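J.: My structure is below; once you've seen it, I'll send some questions.
There are 2 protein chains.
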Amino acid sequence: MKNISFRDVAIGDGFWKDRQKTNAEKTIYNVRDRFAETGRFDAFRFEWKDGMEKKPHIFWDSDIAKWIESVAFIIEKEPRPDLEKQVDEVVDLMEKNQQPDGYFNIYFTVCEPGKRFSNRDWHELYCAGHLTEAAVAYYNATGKDKMLKIMCKYLDLIDRVFRVEDSAAFHTPGHEEIELALVKLYRCTGEKKWLNLAKYFIDRRGMQEEVPEDYWCSSRYFQSHLPCREQFTAEGHSVRACYLYAGMADIALEYDDEALKKACFALFDDIYNKKMYLTGGIGQSAVGEAFTVPYDLPNSRAYTETCAAIALVYFASRMQKMKVDSRFGDVIERAMFNGVLSGVSLDGGSFFYKNPLEFLHAERERNKGVPKQQEPFPEPVRQRVFDCSCCPPNITRFIASIGDYICGEDENTVYIHQYISSTVKTSRGEIKIKTDYPYGAEVDISTDGSFRGKLALRIPGFSKDYYALTVNGAKASPVIENGYAYIDIDGASTVSLVLDTAPKAVYANPLVNEDAGRVAVTMGPLVYCAESVDNGENLRALKIGATADCRTEKNDELGTTDIIIKGRRLTQNTFDGGLYAYERNYEPCEIRLIPFYACINRGECDMTVWLVSE
Amino acid sequence: MKNISFRDVAIGDGFWKDRQKTNAEKTIYNVRDRFAETGRFDAFRFEWKDGMEKKPHIFWDSDIAKWIESVAFIIEKEPRPDLEKQVDEVVDLMEKNQQPDGYFNIYFTVCEPGKRFSNRDWHELYCAGHLTEAAVAYYNATGKDKMLKIMCKYLDLIDRVFRVEDSAAFHTPGHEEIELALVKLYRCTGEKKWLNLAKYFIDRRGMQEEVPEDYWCSSRYFQSHLPCREQFTAEGHSVRACYLYAGMADIALEYDDEALKKACFALFDDIYNKKMYLTGGIGQSAVGEAFTVPYDLPNSRAYTETCAAIALVYFASRMQKMKVDSRFGDVIERAMFNGVLSGVSLDGGSFFYKNPLEFLHAERERNKGVPKQQEPFPEPVRQRVFDCSCCPPNITRFIASIGDYICGEDENTVYIHQYISSTVKTSRGEIKIKTDYPYGAEVDISTDGSFRGKLALRIPGFSKDYYALTVNGAKASPVIENGYAYIDIDGASTVSLVLDTAPKAVYANPLVNEDAGRVAVTMGPLVYCAESVDNGENLRALKIGATADCRTEKNDELGTTDIIIKGRRLTQNTFDGGLYAYERNYEPCEIRLIPFYACINRGECDMTVWLVSE
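Chains G and E supply the protein sequences, listed in that same order. If you're matching positions, the first sequence starts at 29 in my numbering and goes up one per residue. If you're matching positions, the second sequence starts at 29 in my numbering and goes up one per residue.
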């Protein structure tokens, strides 16, 4: 199955159109302005000298690269001369400052010129990867190939130094990214050498110990503990890991490499069954921004970086091409509606780097009592920019290209993976999807007169026991395979799918210690949470039972549909100011739950996804 | 009120007699042998040279000091020539190696002679304090005053250097202990100068910033953030803190110092109402072995050092002299039956340093996934000796002197604080206490014919709503004040107190996040726990309701009375190998709970005090 690119998709009115509007009209400028203020654009002038302020950082190239890629995705759909002009200026500076041998990196040209290719953790190949992705996207959007040529020249150098001569101080990137970028470049240019280089980096990884001397962490941090084809458990820095796994899946598909496919499936299973938060967040510890061990899913201390949830979507969307299985679409959906989207504020102006499933001020107080903690409790404060500001431009490019995840097709079938109002060009003609999902239950799909073949609709995991499917008004009897409902379409048709978007309680596997005795509430793909701004302080004192005791309510302030659930609140009245009591009392209460993606948009407050359960 | 010393108490058959037997016949030798193997006794020869093995550590003096004090407490009750001979040998070496000016410290004479009194965190005054306590105890037990004289000579030097000349590189001890030791020395010798010096250290503390340069921690760690009389919240290293607070309480009492008393009451309240585990354990974080913030009581990562629980008893027993209030006796009882006693194995051969309320192998797995963590999850393994082996000889001296906590008296009243079978000499004649407490509910007390006055019995917090009290067979109508039942006794009488030792569920204040939705089970003063060796893996999958569904059962292997409670176990069958499910199933089960003090005596296993609650 091949994916249908967002380039062939027009997003229609609805949930994601609103997000794209905020993204294209606000977030893209907010990110740009913060990057300008912090010197990231000026850095491309290569004029920084010792003693000056705003010293370029080793990953600034990649920050601007993702911003350029975001701009490209936006102008693919609508002209934005102001943004395009600014990109052209950056590209001109790149051309001017590219080294004669093709090398392009701000930090290692301007700040530490002697240290080129000397430490695998210094993000050089990572920056090259992001600049390559940006160059491809910008060429696709505008037809301008200057940046593409700059990057091809640089990548020729990288190919020579790393693959042909093997003369750098390290052999594979410390932060993976270039692998999947090279595959994109190959698909754009048709030049096989880029695919070869991507495969080279994957073949070479883990073949020898590659941890910089005195480094604080192990080779697992870099996914270098084993050859890629022998990696069956997700390890180390979770963004690096999933960028690598995405690259592995690309190469597995391109080369029909069974050993790589086997590793990819095992890695996905390990994340899906043992290491993924309900929100689609991954990376259980701030220490190494890393995966830890199976079933270890602390809520308050979840690292769950926005970039990691995005990286998981990249990985899952490639797996989806390898095998039609609703688990992949389920993960993409879970991440995009929750652990990714929580990364940007509703107004598009500020961001989370970490997206934990719980903020409790009582726990954060502990940060004061336990100094220099490696895993501090995160603060419920969205920031306009970060020192390491990888997440904001990652989310802008993700939202701008959300159309990438809607459809796929193969010789017989068009697959609908995600329910987003849109018009999608397929080889069988146009498909129109119209829905209020996720707040509405109904999805209406219409096909062209030219459509002959199968339509396969993903039945989300939450709805597998109840859904209604009609074709041209008649109840359909689809064939269900791996979570997809297959129906035959012959010409212009209207298909209606009604999903089960009633609020549901979710429980965690008993092996997840942190969620023992707790329950989360979901509605369709949305994970809900309780905030103290609605429910008072001390969210752990709340207790809820069945979702039968709930109703939904529009929330105009947040633009959400909230869930109001009857529950009980443990009172102080038996404790007499002390810690322990032989009796406890509850008082009845109503608890307002809002979608997780909308959390912490009304100032600092406490928040929790997993509530104490009756 | 003054305490009645263990020297005037003969422990009778029962719970604590058994512990004292194991302590005096096994533990004292086990500790001695481990200390001998590791070179701690040989260190007193002052023969260590650079390049030799078994380099003395800065706190080895204190390890042997506490062992000597333990021996003194044991031989106070029964002759032990072998132990006494060994102490005499150590004291002879002390005499031989004391420096001409009185200084006595192994490390700073043998290993780093130039660094005497140069860093307040290097435990010199702490060692001096423990050696002083040992000298007093050994003199009391044997009448031999050699060690006492050695220490007085050393303390004269300390008095000169610190108080008179103020010429050391620091002003107050980094690890408090000498304060309370000096008060003991004053009470033994009657020499006011020792009390003055103790008061000096307390008056001086916190008057200026005293943190060694580049030190990892703040002045709170050393309780030096404020003058003692302005300290109202328990802060920093919890053993240091409670040794200090005990010394403060001593000085407050001796000088009738209202400001110090006020601080002591506030500090006790802060611990009692906000920072104490159900087991009487204190110190919520391994980082700094320290108190953190109110209501922060993590179970698995509880530091709860054995020494800290002992230190809390020292503090509470001094507070008890300041005010008759059952809260103090409740804390002493809670700690001694739980968080202190868990520190030694049932066979007296191995020890816990940390006494967390939960061990889960699934959490410990995280130690592997999160390298170099400052707060690793503790291992459920008792050790025979530690590099820093303060706890083993602390528990030997504590158990040997348990008689210290039974009674007190003032001009009108004899107070019975703890229910331990014993014969107690009071100024009103002998009192005999006979009980199977804590496994039995009844306490029988008899007084001499000479007894005229009031007898005050502590009514433990767990029994305040139900107890039966008779005097000479007739129901008594005691006056209840601050948790004590006062009765008038006129001559030889028998008093019977029946307490409510039925199993009870205990709940934590809703502000304690970690215990939300959980319940602990207690029986009398004993806190119970579930172990995986009895209940299978995955203790967090267990759920219990009311204690009405329970029975008790003798456990011959452990010598305990266990609680068997009906509960439910969350099954895997709705999860299909995955993490999340919309349904959950429980299966009924019986859960065996054993007393916390008996945990981890049958090999490594999981253990939890706070179970998920219906």
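Idealized CB from N, CA, C, for every residue including glycine. The structure displayed is predicted, hence computed values, not measured ones.
Taking 8 Å as the cut-off, does the segment 559-568 of chain E touch the segment 583-602 of chain G (at least 3 CB pairs, one atom from each stretch)?
T.: no
J.: Determine the extent of the alpha helix (DSSP H) in which residue 211/E is found, giving its start and end residues.
T.: 206-217
J.: Consult DSSP for residue 550/G and reduce its assignment to one of helix, strand or coil.
T.: Assigned with DSSP and collapsed to three states, residue 550/G falls in strand.
J.: Three Cβ pairs or more, each shorter than 8 Å: is that satisfied between the segment 471-485 of chain G and the segment 452-460 of chain G?
T.: yes
J.: Between residue 635/G and chain E, is the shortest Cβ-Cβ distance under 9 Å, so that the two count as touching?
T.: no
J.: For residue 46/E, is the classification buried or exposed, using 16 other Cβ atoms within 10 angstroms of its Cβ as the cut-off for buried?
T.: exposed
J.: Residue 372/E and residue 66/E look like a contact to me (Cβ under 8 Å); what is the Cβ gap, rounded to whole Å?
T.: That pair is no contact at about 18 Å.
J.: Going by beta carbon distance, what residues of the same chain come within less than 7 Å of residue 191/E, once the five residues before and after it are set aside?
T.: Only 225 and 228 meet the Cβ criterion.
J.: Give a yes or no on contact between the segment 192-209 of chain E and the segment 141-149 of chain E, applying the rule of three or more CB pairs nearer than 8 Å.
T.: yes
J.: Listed from N- to C-terminal order along the chain, which residues in the segment 369-391 of chain G have their beta-carbon within a distance smaller than 8 Å of any beta-carbon of chain E?
T.: 388, 390 and 391
J.: Please list, in chain order, all residues of the same chain as residue 12/E whose beta carbon is under 8 Å from its beta carbon, the five residues on each side excluded.
T.: Since the first and last residues shown for chain E are 29 and 642, residue 12/E lies out of range.
J.: Rounded to a whole number of angstroms, what is the C-alpha to C-alpha distance between residue 111/E and residue 37/E?
T.: 22 Å
J.: Got a sec? Which residues, its chain only, sit under 7 Å from residue 203/G by beta carbon, not counting five neighbours each side?
T.: 151, 154 and 268
J.: Measuring CA to CA, which of 311/E, 327/E and 329/E is closest to residue 335/E?
T.: 311/E
J.: What are the boundary residues of the alpha helix (DSSP H) that residue 168/E is part of?
T.: 152-170
J.: Look up residue 307/E in the DSSP assignment and give the residues it is bridged to.
T.: Beta-bridge pairing links residue 307/E to no other residue.
J.: Flag residue 364/G as yes if its beta-carbon sits less than 9 Å from any beta-carbon of chain E, otherwise no.
T.: Answer no: the Cβ-Cβ gap between residue 364/G and chain E never drops below 9 Å.
J.: Quick check on residue 595/E: does DSSP put it in helix, strand or coil?
T.: strand
J.: Any heavy atom of the ligand HEM closer than 8 Å to the CB of residue 49/E?
T.: The model on display carries no ligand, and the ligand HEM is accordingly not part of it.
J.: For the putative contact between residue 347/E and residue 292/E, defined by C-beta atoms under 8 Å, what is the C-beta separation to the nearest angstrom?
T.: At roughly 6 Å, the Cβ-Cβ gap stays under 8 Å, so residue 347/E and residue 292/E are in contact.
J.: In the DSSP assignment, the alpha helix (DSSP H) including residue 535/G goes from what residue to what residue?
T.: Not the alpha helix (DSSP H): residue 535/G falls in the beta strand (DSSP E), residues 531-536.
J.: Tell me where the beta strand (DSSP E) around residue 443/G begins and ends.
T.: From DSSP, the beta strand (DSSP E) with residue 443/G extends over 441-444.
J.: So within the segment 414-489 of chain E, which uninterrupted beta strand (DSSP E) runs reach at least 3 residues, ignoring any that extend past its ends?
T.: 435-437, 441-444, 450-454, 457-463, 470-475 and 480-486
J.: Which residues, in chain order, does the segment 566-594 of chain G contribute to contact with chain E at a C-beta distance below 8 Å?
T.: 566, 568, 569 and 571
J.: Between residue 367/E and chain G, is the shortest Cβ-Cβ distance under 9 Å, so that the two count as touching?
T.: Not closer than 9 Å to any Cβ of chain G, the Cβ of residue 367/E fails to qualify, so no.
J.: Using a Cβ-Cβ distance cut-off of 9 Å, determine whether residue 564/E contacts chain G.
T.: With 9 Å as the cut-off, residue 564/E does not count as an interface residue toward chain G.
J.: Alpha carbon to alpha carbon, how far is residue 34/G from residue 451/G? Give it in angstroms, no decimals.
T.: Going by C-alpha positions, residue 451/G is about 10 Å away from residue 34/G.
J.: In chain order, what are the residue ranges of uninterrupted alpha helix (DSSP H) at least 4 long that sit wholly in the segment 61-148 of chain G?
T.: The segment 61-148 of chain G contains these whole alpha helix (DSSP H) runs: 88-103 and 109-125.
J.: Between which two residues does the beta strand (DSSP E) harbouring residue 509/E extend?
T.: 507-509
J.: Spatial neighbours of residue 430/E within its chain, please: CB distance less than 6 Å, with the 5 preceding and 5 following residues excluded, ordered by chain position.
T.: 44
J.: When the cut-off is 9 Å and only beta carbons count, does residue 354/G lie next to chain E?
T.: no
J.: Quick one: does residue 607/G have its CB under 9 Å from some CB of chain E?
T.: yes
J.: Relative to the C-alpha of residue 474/G, which residue among 108/G, 421/G, 524/G and 547/G is closest?
T.: With distances taken between CA atoms, residue 474/G lies nearest to 524/G out of 108/G, 421/G, 524/G and 547/G.
J.: Name the residue from 642/E, 627/E, 606/E and 561/E whose alpha carbon lies nearest to the alpha carbon of residue 297/G.
T.: 606/E
J.: Indicate whether residue 289/G and residue 274/G have their beta-carbon atoms separated by less than 9 Å.
T.: no
J.: Hey, is residue 538/E's beta-carbon within less than 9 Å of any beta-carbon in chain G?
T.: yes
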